[in-house]
Amino acid sequence: MEQLKQVLMEAAREAGKIIHHYFDGTFSIENKDSINNLVTEVDKHSETKIIEVIKNYYPGHSIISEEVGELIQDSDYQWIIDPIDGTVNFAHGIPICCVSIGLKHKDELLLGAVYNPMMNELFFAEKGKGAFLNDRPIRVSDKKDFATACLVTGFPYKWPKTYEHPIKVFERFVLEGLPVRRLGSAAIDLCWVACGRFDGFWEYNLNSWDVAAGYLIVQEAGGRITNFDGNPYSVFDKETLATNGHIHEDMLQLIRNK
Ligand code: IPD
Ligand code: CA
Ligand code: CA
Numbered sequence: 061m062e063q064l065k066q067v068l069m070e071a072a073r074e075a076g077k078i079i080h081h082y083f084d085g086t087f088s089i090e091n092k093d094s095i096n097n098l099v100t101e102v103d104k105h106s107e108t109k110i111i112e113v114i115k116n117y118y119p120g121h122s123i124i125s126e127e128v129g130e131l132i133q134d135s136d137y138q139w140i141i142d143p144i145d146g147t148v149n150f151a152h153g154i155p156i157c158c159v160s161i162g163l164k165h166k167d168e169l170l171l172g173a174v175y176n177p178m179m180n181e182l183f184f185a186e187k188g189k190g191a192f193l194n195d196r197p198i199r200v201s202d203k204k205d206f207a208t209a210c211l212v213t214g215f216p217y218k219w220p221k222t223y224e225h226p227i228k229v230f231e232r233f234v235l236e237g238l239p240v241r242r243l244g245s246a247a248i249d250l251c252w253v254a255c256g257r258f259d260g261f262w263e264y265n266l267n268s269w270d271v272a273a274g275y276l277i278v279q280e281a282g283g284r285i286t287n288f289d290g291n292p293y294s295v296f297d298k299e300t301l302a303t304n305g306h307i308h309e310d311m312l313q314l315i316r317n318k
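Okay, so the sequence shown: first residue is 61 according to the working numbering, each after it adds one.
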């Protein structure tokens, strides 16, 4: 496990150096499947570096990474990588973006790291060993009074018409008079729940690379994470609700409108 951890940290730090180097500078930007779904040359550069570090130590491990897709091998280990989470922020010089790397063994997440080099914040968790921000242990908030909770969410670029539009769910929270933020990086949203800055986060239609590391970090910080039915969560779920545990049922009720 020690070596896996070292490789995770090396990959996150190397990617962080690249992101920091280019931040607020000049780089090329392309659109993906929609006009505002962006990828920059720095996403690709960061991804290449992370994969190079992992492959150097573990050439037989599988990888899922946002820009290159699945690099499947016959292995129980799978690295789940978002080379920049918060690319729109990054492209606009907004320092809320990060690299996110999770490591899964069979169905269990073992390790997760989320690094925002602009704020010098490195979140890390190991299964059963707790969650940390720059090596200091972190816990979710102790907030029990939902009426004074501080929340965060995000909006997908596309959604199936059969599903209630996320803005309607957002509206219900706002009409309750709750402060709801929108940072633009799901991995950071999850980590900020883990360290108690937010009491709860929900979002529809995230991908495994957005949530893998943050999921473990929330769990290891004592938080609760489920889908919108309150059922156990998988990184491949399309519904993500992460809270400090105390306000989970209140949030489920508003999301489901029941
Ligand atoms: C995005 C961010 C954002 C979320 C989007 C994601 P990207 O990831 O996590 O907060 O709302 O759904 O796609 O594209 O910046 O890696
Ligand atoms: Ca992402
Ligand atoms: Ca990304």
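Yeah, the Cβ is synthetic: ideal placement off N, Cα and C, and Gly gets one too. Predicted, not measured: the structure shown is a model, and the values here were computed from it.
Nearest-angstrom beta carbon gap, residue j and residue i [assumed within contact, 8 Å]
| i | j | result |
| --- | --- | --- |
| Tyr-118 | Tyr-137 | 7 Å |
| Gly-153 | Gly-162 | Rounded, the Cβ-Cβ distance is 27 Å, inconsistent with contact. |
| Ile-49 | Val-174 | The structure shown does not extend to residue 49, since the chain is modelled only from 61 to 318, so the question has no answer here. |
| Trp-139 | His-165 | Not a contact, Cβ separation roughly 11 Å. |
Residue i beta carbon near ligand 2 (any heavy atom closer than 8 Å)
| i | result |
| --- | --- |
| Glu-90 | no |
| Ala-247 | yes |
| Trp-252 | no |
| Trp-269 | yes |
| Asp-142 | yes |
DSSP-derived helix/strand/coil call for residue i
| i | result |
| --- | --- |
| Arg-196 | strand |
| Ser-201 | coil |
| His-105 | helix |
| Trp-219 | coil |
| Cys-251 | helix |
| Ala-281 | coil |
| Gly-237 | coil |
| His-165 | strand |
| Glu-224 | coil |
| Glu-126 | coil |
| Asp-289 | coil |
Residue from the options with nearest C-alpha to residue i
| i | options | result |
| --- | --- | --- |
| Gln-28 | Glu-186, Asn-97, Leu-193, Val-102 | The structure shown has nothing for residue 28, since the chain only spans 61 to 318. |
| Lys-109 | Leu-170, Lys-298, Glu-127, Lys-318 | Glu-127 |
| Phe-192 | Met-69, Leu-64, Ser-135, Lys-218 | Met-69 |
| Ser-201 | Val-229, Lys-115, Leu-276, Phe-258 | Phe-258 |
| Ile-156 | Lys-104, Leu-235, Ser-245, Pro-143 | Ser-245 |
| Ala-169 | Ala-151, Gln-133, Ile-141, Val-148 | Reading the sequence as shown, one finds Leu at residue 169 and not Ala. Ranking Ala-151, Gln-133, Ile-141, Val-148 by Cα distance to Leu-169 puts Ile-141 first. |
| Lys-77 | Asn-180, Ser-122, Glu-90, Ser-125 | Asn-180 |
Ligand 1 heavy atom lying under 8 Å from the CB of residue i
| i | result |
| --- | --- |
| Gly-146 | yes |
| Asn-304 | no |
| Cys-319 | Because the chain in this structure spans residues 61 to 318, residue 319 falls outside the shown range and cannot be described. |
| Pro-197 | no |
Cut-off 8 Å between Cβ atoms - residues of its own chain near residue i, not counting five sequence neighbours on either side
| i | result |
| --- | --- |
| Gly-260 | Ala-209, Leu-211, Val-212, Val-253, Leu-301, Ala-302, Thr-303, Asn-304, Ile-307, His-308, Met-311 |
| Glu-74 | Lys-109, Ile-110, Val-113 |
Check: residue i C-beta below 8 Å from any heavy atom of ligand 3
| i | result |
| --- | --- |
| Pro-177 | no |
| Glu-130 | no |
| Asp-103 | yes |
Neighbourhood of residue i by C-beta distance below 7 Å, restricted to the same chain and skipping five residues each side
| i | result |
| --- | --- |
| Ala-273 | Ser-160, Ile-161, Gly-162, Gly-172, Ala-173, Val-174, Ala-247 |
| Arg-51 | The structure shown does not extend to residue 51, since the chain is modelled only from 61 through 318, so no value can be given for it. |
Spatial neighbours of residue i in its chain, beta-carbon cut-off 6 Å, leaving aside the 5 residues before and after
| i | result |
| --- | --- |
| Glu-280 | Ala-185, Gly-190, Ala-191 |
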